[in-house]
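These notes are about the structure you will find just below.
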Amino acid sequence: MKYFINLFVILFYFAGLTCSAGEEISIITNLSVPKGNVTRDVIKNIYSGKLAKWPDNQNIVLSIMEGTETHKEFLYTYVNKPEAQFTNTWRKKMFTGQRSYPKNFNNAQDLVDFVRNTKGAIGYVNTDEKTNGVNVFK
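The numbers in this note's numbering rise by one with no breaks, and the one at position 5 of the sequence shown is 5.
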């Protein structure tokens, strides 16, 4: 019986890995953000709450899609944090007055529209999404 339980756990573990590994993420920014300012380390520092301004001193405006597979894949790939830890980090920053919670969207097109129309904005979408009028980093 113990053998079957272990096998069951292992199968579900690998099934979860293959499901989450399928999404490809594109980072998007408002056109006001120079392309050279966006690197993997910068993205991690932004979404970890360690970086609040772009090098030209404009505010960084974060956007997210909480509760989606895209959000989970983004956190895994770029921030190296599980969703609960990400949420707790931002709640703490919000309640201590350090930062505002990232703007949350229910769908990718609304997020793209927000980033397109908001100076200093950054977000992420599935690579398949239409991203006209924004900088795109894959």
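A virtual CB, placed ideally from N, CA and C, is assigned to each residue, including glycine.
So the beta strand (DSSP E) residue i belongs to, where does it begin and stop?
i	result
T29	I25 to T29
P52	The identity of residue 52 in the sequence shown is Ala, whereas the question assumes Pro. Where A52 is concerned, there is no enclosing beta strand (DSSP E), given that its DSSP letter is neither H nor E.
Got a sec? Which residues, its chain only, sit under 7 angstroms from residue i by beta carbon, not counting five neighbours each side?
i	result
M94	S100 and Y101
T77	I25
Apart from the five residues on each side of it in sequence, which residues of its chain come closer than 8 angstroms, Cβ to Cβ, to residue i?
i	result
R91	Y101
N106	M65
I122	I27, I28, T29, N30, V33, V38, I43, I46, I60, V61, L62, S63 and V115
A108	M65, T70, V125, N126 and E129
S48	V79, K81 and T89
Going by other Cβ atoms of all chains shown within 10 Å of its Cβ, with 16 needed for buried, is residue i buried or exposed?
i	result
N135	buried
E73	buried
T96	exposed
In the DSSP assignment, find the unbroken alpha helix (DSSP H) run with residue i in it and report its ends.
i	result
D112	For the sequence presented, residue 112 should be read as Val rather than Asp. Element bounds for V112: A108 to N117.
D42	Note that residue 42 corresponds to Val in the displayed sequence, not to Asp. Residues R40 to Y47.
### the stretch 24-42 in contact with the stretch 102-121 per 3-pair CB rule at 8 angstroms
Verdict: yes, contact present.
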